[in-house]
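First the structure, in the form of structure tokens, and then the observations on it.
There are 4 protein chains.
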Amino acid sequence: MNMWLLSRCEIRFEIIAPTPLILMLRPRNTAHQWISRESYIIKPNVPVMEFIDEYGNHCQRLVAPPGQFIVRTSAVVQTERDILVSSGAPFDEIQNLPNSVLTYMLPSRYCESDRFVELAHQIVEDITPGYDQVAAINQWLQNNIAFNPDSPYFQMSAVEVNQAQQGVCRDLAHLGIALCRALCIPTRMVVGYLYGLEPMDLHAWFEAYVGGRWHTFDPTQSEPRGGRIVVAYGHDAADVAVFNQFGPALPPVSMSVAVELLNKAPE
Amino acid sequence: MNMWLLSRCEIRFEIIAPTPLILMLRPRNTAHQWISRESYIIKPNVPVMEFIDEYGNHCQRLVAPPGQFIVRTSAVVQTERDILVSSGAPFDEIQNLPNSVLTYMLPSRYCESDRFVELAHQIVEDITPGYDQVAAINQWLQNNIAFNPDSPYFQMSAVEVNQAQQGVCRDLAHLGIALCRALCIPTRMVVGYLYGLEPMDLHAWFEAYVGGRWHTFDPTQSEPRGGRIVVAYGHDAADVAVFNQFGPALPPVSMSVAVELLNKAPE
Amino acid sequence: MNMWLLSRCEIRFEIIAPTPLILMLRPRNTAHQWISRESYIIKPNVPVMEFIDEYGNHCQRLVAPPGQFIVRTSAVVQTERDILVSSGAPFDEIQNLPNSVLTYMLPSRYCESDRFVELAHQIVEDITPGYDQVAAINQWLQNNIAFNPDSPYFQMSAVEVNQAQQGVCRDLAHLGIALCRALCIPTRMVVGYLYGLEPMDLHAWFEAYVGGRWHTFDPTQSEPRGGRIVVAYGHDAADVAVFNQFGPALPPVSMSVAVELLNKAPE
Amino acid sequence: MNMWLLSRCEIRFEIIAPTPLILMLRPRNTAHQWISRESYIIKPNVPVMEFIDEYGNHCQRLVAPPGQFIVRTSAVVQTERDILVSSGAPFDEIQNLPNSVLTYMLPSRYCESDRFVELAHQIVEDITPGYDQVAAINQWLQNNIAFNPDSPYFQMSAVEVNQAQQGVCRDLAHLGIALCRALCIPTRMVVGYLYGLEPMDLHAWFEAYVGGRWHTFDPTQSEPRGGRIVVAYGHDAADVAVFNQFGPALPPVSMSVAVELLNKAPE
């Protein structure tokens with residue numbers, strides 16, 4: 051069963067000096083979502099170069115001029131109402147994995163999987179290798195790491211999240227990714243939108259490769275939920291910043307996100 | 051100077067049996083155009099898979115079900131009002147060409163450049179190698195090959211176009227490409243929209259790589275004209291069919307194309 | 051069952067003026083062959099740049115200086131003694147083909163598959179779609195097109211080969227490819243070495259994608275034979291010239307090829 | 051000025067249970083080195099699949115069987131006797147960087163560049179942005195972090211190396227990379243061979259992108275030295291492990307490395 055969603059995102063900056071920016075705010079077509087309508091407005095209307103990075107993400111390069119700078123995107127997307135739950139789906143032997151997923155077993159900036167071998171094995175003790183292990187890790191995160199959208203911590207790595215025992219969505223995803231990779235399960239970060247998220251914001255979760263395909267997991271939600279729009283994939287948040295200004299931090303003046311359910315396909 | 055264009059395209063088919071289709075109807079962001087709004091409607095609303103081919107084109111795969119089948123796309127695009135004219139820009143020595151453009155010196159299905167070495171050299175005799183050669187070829191096409199949007203010939207290659215001495219836009223582009231490649235100038239096919247084209251339709255032209263960048267040439271127009279929206283690049287029409295059904299010909303029941311000038315940037 | 055082969059190739063040119071060359075003489079590792087030893091000597095020892103093209107081939111760029119110019123390569127390769135024969139393997143429905151093989155259904159410079167729909171269907175009449183169709187086409191080539199290594203014709207396309215009713219290995223491959231593509235079977239050109247080929251030379255054959263994988267076919271051989279070393283893949287000979295000088299023809303002064311069977315693995 | 055080197059590497063494992071391995075031991079052709087001869091022996095002779103990863107590295111996949119397992123490679127390589135020193139080469143403005151180098155400004159597993167902004171700016175205070183900054187960082191590493199090939203620490207990240215004040219070659223490279231990226235200079239890890247290294251071993255260093263090209267830096271050497279053979283590039287050691295077994299550590303029983311100077315080109 052599919053559903054149609056309308057996502058909207060507006061980010062406002064106050065720029066002091068001309069600032070090169072790389073944005074990643076265009077959702078991508080995947081096997082499970084179809085972008086039927088899209089709008090991408092930049093004000094003022096500076097030149098933009100788009101390229102596709104090594105993960106297949108659409109990236110927009112520009113130089114933001116001094117003054118108010120606004121990025122406003124929207125998309126009408128067909129996506130899955132429910133995510134696939136594949137209890138019992140087996141672990142994929144490493145020698146059988148596609149070349150393209152191997153990179154997602156490596157440790158990365160915010161997912162030091164090499165430090166989680168012991169904890170990961172404790173969590174999944176006696177559980178059949180594969181999907182059920184990832185589900186157990188996801189459950190462990192829900193039981194042990196508080197989802198706190200107002201977490202006071204900044205840009206924690208999985209090791210730090212495990213110590214803080216709380217975090218925003220990206221923090222929980224980072225710890226989930228690190229734990230899965232510690233079991234040699236390819237796992238990647240997803241940035242996107244989730245219909246019905248409270249409070250509404252850009253969201254992050256993770257996908258694990260078991261039983262021959264990617265499966266969605268979201269430790270911030272008590273039940274498996276569909277209604278997701280994928281914007282970008284990467285090893286972790288370092289790869290999928292929705293805006294990256296390379297230099298002194300550039301906090302937006304405001305950021306608003308909305309996701310609506312549409313009751314029919316666009317005409 | 052830039053301009054904002056709104057392109058629209060609607061193609062209707064009557065499908066007899068389920069038909070796998072590959073469409074190439076999503077304009078792409080390039081160094082010289084920015085897609086600010088886009089819509090891509092398929093009726094009935096069958097599943098679509100999008101992938102990016104080896105030329106960077108966005109391709110949509112689907113299976114069209116029996117009955118009326120409609121594809122309707124539109125885009126709001128910022129593009130250049132004028133195309134760059136670089137008289138005197140030099141020929142790029144082959145050893146200095148980027149790896150990525152080398153393939154555009156090879157002969158291809160509809161551009162048998164290996165058969166045009168003599169004619170190409172006749173046309174450009176005494177002309178400085180580079181941009182001016184391509185301009186001379188473009189002028190030669192205008193003088194010698196009639197642009198006939200109602201050409202009775204079907205899917206001619208450059209050799210056949212040269213014999214027929216007339217053709218549709220793609221035919222003229224194929225001959226232009228074959229002649230340029232015969233001079234070792236990388237040349238590629240472009241499919242897209244041209245504002246003000248008479249009669250309005252999807253359009254084809256070519257780009258030649260001289261003076262270190264791609265330059266636009268259009269043998270159907272008496273003056274260099276901007277107002278173009280690039281949909282796809284390829285060696286020739288074989289690579290950039292806007293719809294490809296692999297099997298018995300599938301002529302659309304109707305096809306309508308429109309390009310409007312917008313008087314301001316989208317909000 | 052595997053076997054170890056030693057291939058050697060030496061090409062000598064007499065260069066008049068500095069000549070940019072692109073060589074494609076380094077065999078590639080594939081799912082079915084492993085390059086254990088390799089040597090690539092260029093005399094005189096000019097700078098070489100290697101890149102990997104869109105087909106995954108290893109290409110060597112250089113500028114050959116005036117005078118005698120020699121390229122000498124050798125490789126020790128583990129390859130399959132027998133090629134896979136998959137009688138009855140089914141035709142892959144287009145909608146199920148991997149994105150990466152779609153391009154091999156398109157017509158190309160020397161394989162005008164769009165002109166062979168009728169002939170292809172005549173040849174395979176009543177034959178189960180898939181492997182058996184390709185085998186029938188291969189058999190038809192053996193029965194109808196003479197393999198003549200001394201063919202007087204130069205660089206024929208499939209249409210011309212079909213008229214000439216004879217050709218060198220690449221000509222037979224081109225016609226085989228055009229016929230298979232006319233049936234919507236992805237088919238690609240292979241350039242490489244064949245152990246036991248008479249007379250010994252660089253060789254060309256084709257691969258068709260049926261039953262979910264590439265299968266080898268060689269219309270110059272009366273029986274399916276292994277002992278092959280793949281150097282390069284492409285749509286047709288335009289993509290896989292072992293040397294390409296882009297400009298006036300540059301016939302080698304001499305070219306020698308040898309393939310030996312080794313009786314054990316290299317140490 | 052170029053030189054010819056012969057590199058040799060042999061790694062022996064004792065395998066208990068069948069172990070999937072990914073090796074990265076085949077040097078790659080680059081703009082500055084040419085592999086003229088190569089040998090890659092695996093004993094016992096199990097099947098190997100080679101693929102090219104997203105960094106352009108050649109990776110070999112196999113399953114090592116129980117018992118003694120030996121990998122033995124060698125290569126004859128033409129490389130530069132001296133590395134380019136470009137004092138004064140300017141910092142490349144971010145908006146002018148090629149898309150392909152942007153990823154090398156991101157923090158990575160062992161290079162937490164986001165934690166080094168302050169230290170990096172202290173080190174390069176008053177130094178002209180660009181090459182000279184990287185040279186100052188390299189000098190600072192030589193002055194402050196001891197190169198200790200027998201360092202007792204294991205797999206440190208840049209933060210940990212900075213605390214330990216000593217490390218093996220990869221540790222120094224990681225800290226250098228983190229410091230450069232903190233200045234928005236794209237920087238990548240290199241694994242390879244260095245002629246004359248004491249004690250001889252596989253080696254690691256880094257390259258920084260300034261003045262429009264990659265430049266080599268090696269904090270383990272007191273003077274800029276050429277005689278290098280590049281095997282692989284990556285963000286850091288996570289990407290360029292010469293062997294990766296994904297699971298319990300698999301220390302080699304022995305590993306020997308040699309690099310010889312050849313007094314003439316191979317014939």
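If you read the protein sequences in the order shown, they are chains E, D, X and B.
Per the working numbering, residue 51 is the first one in the first sequence, and the count goes up by one each step.
Per the working numbering, residue 51 is the first one in the second sequence, and the count goes up by one each step.
Per the working numbering, residue 51 is the first one in the third sequence, and the count goes up by one each step.
Per the working numbering, residue 51 is the first one in the fourth sequence, and the count goes up by one each step.
Backbone N, C-alpha and C define an ideal beta-carbon position, used for all residues, glycine too.
Quick one: using the 10 Å Cβ neighbour count with 16 as the cut-off for buried, is E:P94 buried or exposed? exposed
One question on the structure: do D:M250 and X:F296 come within less than 8 Å of each other, judged by their Cβ atoms? no
Buried or exposed, going by whether 16 or more other CB atoms sit within 10 Å of the CB of B:E317? exposed
With three or more beta-carbon pairs closer than 8 Å as the criterion, would you say the segment 107-121 of chain B touches the segment 147-165 of chain B? no
From what residue to what residue does the beta strand (DSSP E) around E:I91 run? 84-93
Would you report the Cα separation of B:R111 and E:L152, rounded to the nearest angstrom? 11 Å
Return the residues of the segment 105-116 of chain X that lie within a Cβ-Cβ distance of less than 9 Å from chain D, sorted by chain order. Y105, C109, R111, L112, V113
Among X:D103, X:S201, X:Q83, X:C109, the one whose alpha carbon lies nearest that of X:Y90: X:C109
D:L226, enclosing alpha helix (DSSP H) - first and last residue: It should be noted that the sequence gives Gly, not Leu, for residue 226 of chain D. Counting along the chain, the alpha helix (DSSP H) containing D:G226 begins and ends at 219-231.
With a threshold of 8 Å between beta carbons, is E:V257 in contact with chain B? Note on identity: in this sequence residue 257 of chain E is Glu, with Val being the wrong assignment. No - not a single Cβ of chain B is within 8 Å of the one on E:E257.
Cα-Cα, which of B:I177, B:G106, B:T270, B:L247 is closest to B:F256? B:T270
Let me confirm a value: D:G226 is counted as buried when at least 16 other C-beta atoms fall within 10 Å, else exposed. Which label applies? buried
Identify which residue in D:R231, D:G180, D:D221, D:M51 has its Cα closest to the Cα of D:P199. D:D221
So, helix, strand or coil for B:A178, using DSSP? Before going on, a small fix: residue 178 of chain B reads as Thr here, not Ala. Coil.
Taking just the CA atoms, how far does D:W190 sit from D:Q216? 13 Å
Pick out the complete beta strand (DSSP E) segments inside the segment 248-282 of chain D, 3 residues or longer, and give them in chain order. 253-260, 263-267
E:S304: buried (16+ other C-beta within 10 angstroms of its C-beta) or exposed? exposed
Indicate the three-state DSSP secondary structure (helix, strand or coil) for D:I72 in the structure shown. strand
Going by alpha carbons, who is nearest to X:V344 out of X:I195, X:E210, X:A232? The displayed coordinates of chain X run from 51 to 317. Any statement about residue 344 of chain X would go beyond what the structure contains.
Chain D contacts made by the segment 143-160 of chain X, where a contact means CB separation under 8 Å: E143, I144, Q145, N149, L152, T153, M155, L156, P157, S158, R159
Give the interface partners of B:E162 over in chain E, defined as CB-CB distance under 7 Å, in chain order. R159
Nearest by alpha-carbon distance to E:T129: which of E:Q172, E:P301, E:Q83 is it? E:Q83
What is the rounded straight-line gap between the Cα of X:Q192 and the Cα of E:F101? 48 Å
Would the beta-carbon of B:Y181 fall within 8 Å of that of B:V280? no
Kindly indicate if chain X contains any beta-carbon less than 8 Å away from that of B:R264. It is Trp, not Arg, that sits at residue 264 of chain B in the sequence shown. False, the Cβ-Cβ gap to chain X never drops below 8 Å.
Report yes if the C-beta distance between B:A291 and B:M74 is below 8 Å; otherwise report no. yes
Within 7 Å of chain E by C-beta, residues of the segment 223-257 of chain D in sequence order: none
Minimum C-alpha distance to X:P140 - residue among X:R263, X:A308, X:A315: X:R263
Thinking just about the alpha-carbon of each residue, which of E:V209, E:L134, E:E60, E:L229 is nearest to the one in E:G276? E:L134
For B:V96, collect the residues of the same chain with a Cβ closer than 8 Å to its Cβ; drop the 5 residues on either side in sequence, then sort them by chain order. L112, V113, A114, P115
Same chain, Cβ closer than 6 Å to X:G284, five either side skipped, listed in chain order: Y105, M239, V290
Can the beta-carbon of B:C230 be found closer than 8 Å to that of B:I173? no
Cβ of X:I133 less than 8 Å from any chain B Cβ? no
Using a Cβ-Cβ distance cut-off of 8 Å, determine whether D:I91 contacts chain E. yes
Do you know whose CA, among B:Q205, B:D132, B:E64, lies nearest B:E273's CA? B:D132
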